[in-house]
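S.K.: Take a look at the following structure, please.
Numbering (the working numbering), first residue to last: -7 to 311.
Structure below.
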């Protein structure tokens, strides 16, 4: 009887262990997909968060896309006059906040982030995309945003490579460095030298605009030197076969292809972006071409639409 009980307990233990999660948290699972060039999982990045329903680059915009099941929050950084990194796409705060109202008695006051202190930034209310002010929402710091994202979703720092040292200091403090992807158009040598200064670095991805001389030159330098990044962000303006050729080279090299469907000017022209997918009878009329060309990372402004379509295709289920 005792032996039988031992066998049963052993069986329960094996069953329990087999169901144990492979990763400590969701962000770690997403990062694993980014590192795996053979993964069929399509990583969905959301441009400035859920800006259709909340102010862009805000904490609620982040929370919303996490609930949707997005994989990466794309954000932009600027530095305040007192050297604090905050989330802002624009160099100034005029478009996204009520700056003009708050500082109406100071007509000469600069609205540039670099001229404002964090206290002044925090005195401003964010606006939704349709220009409605929300008194309870304010521009978050990078630290606040990363605390929100920690272990729940990966982060893409778009405008921010110039602040690499400061960003890395915050990610190391919070223990999220492995969950952060930073990108840029720097040379291989510049990036390598920068990373050599640290024992632990964020993920890095080059941006290559393949129909512009500088972009193609950067891409060719990776190919010629045999340097294999995790992924390439590929931008192109016209569908003339260049993208298909480059995508195949990237995949053959053992890397991943990231495309931006947020604007037609970044993905081959009219009919190839999120809005075209939204207007189509079937989103696949737009998105399928990217999967057919081996794309496994997409930045979108229509996260619910894209995630829903990918899930039905069996291409957005974390294991």
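We treat Cβ as the ideally placed atom computed from N, Cα and C, and that holds for glycine. All values derive from a computational prediction rather than experimental measurement.
What residues match up with residue 147 in a beta bridge as DSSP calls it?
M.R.: 65 and 172
S.K.: Considering just the uninterrupted stretch of the beta strand (DSSP E) at residue 250, what are its terminal residues?
M.R.: 248 to 252 is the extent of the beta strand (DSSP E) around residue 250.
S.K.: Which same chain residues end up closer than 7 Å to residue 251 when comparing Cβ atoms and leaving out the 5 residues on each side of it in sequence?
M.R.: Taking C-beta separations shorter than 7 Å and ignoring five residues to either side along the sequence, the partners of residue 251 in its chain run 226, 259, 282, 287 and 290, following chain order.
S.K.: In chain order, what residues of the same chain have a beta carbon less than 6 Å from the beta carbon of residue 300, not counting five sequence neighbours either side?
M.R.: none
S.K.: Roughly how many angstroms separate the alpha carbons of residue 49 and residue 134, rounded to a whole number?
M.R.: 10 Å
S.K.: Tell me, to the nearest whole angstrom, how far the beta carbon of residue 26 is from that of residue 222; I am working on the premise that it is less than 8 Å.
M.R.: 6 Å
S.K.: If you drop the 5 nearest sequence neighbours on each side, which residues of the same chain put their C-beta closer than 6 Å to that of residue 169?
M.R.: 163, 192 and 194
S.K.: With contact counted as at least three CB pairs below 8 Å, one residue from each stretch, are the region 167 to 187 and the region 72 to 84 in contact?
M.R.: no
S.K.: Identify every residue that forms a DSSP beta bridge with residue 198.
M.R.: 176
S.K.: Which word fits residue 240, buried or exposed, when buried means at least 16 other C-beta atoms lie within 10 angstroms of its C-beta?
M.R.: exposed
S.K.: Quick check on residue 186: does DSSP put it in helix, strand or coil?
M.R.: helix
S.K.: Spatial neighbours of residue 139 within its chain, please: C-beta separation below 8 Å, excluding the five flanking residues on both sides.
M.R.: 166
S.K.: Between the C-alpha atoms of residue 110 and residue 145, what's the straight-line distance to the nearest angstrom?
M.R.: 26 Å
S.K.: Could you check what DSSP says for residue 103 in three-state terms: helix, strand or coil?
M.R.: coil
S.K.: Got a sec? Which residues, its chain only, sit under 7 Å from residue 155 by beta carbon, not counting five neighbours each side?
M.R.: Apart from the 5 residues on each side of it in sequence, residue 155 sits with its Cβ closer than 7 Å to the Cβ of 69, 71 and 77 in its chain, given in chain order.
S.K.: Less than 9 Å between the C-beta atoms of residue 73 and residue 118, yes or no?
M.R.: no
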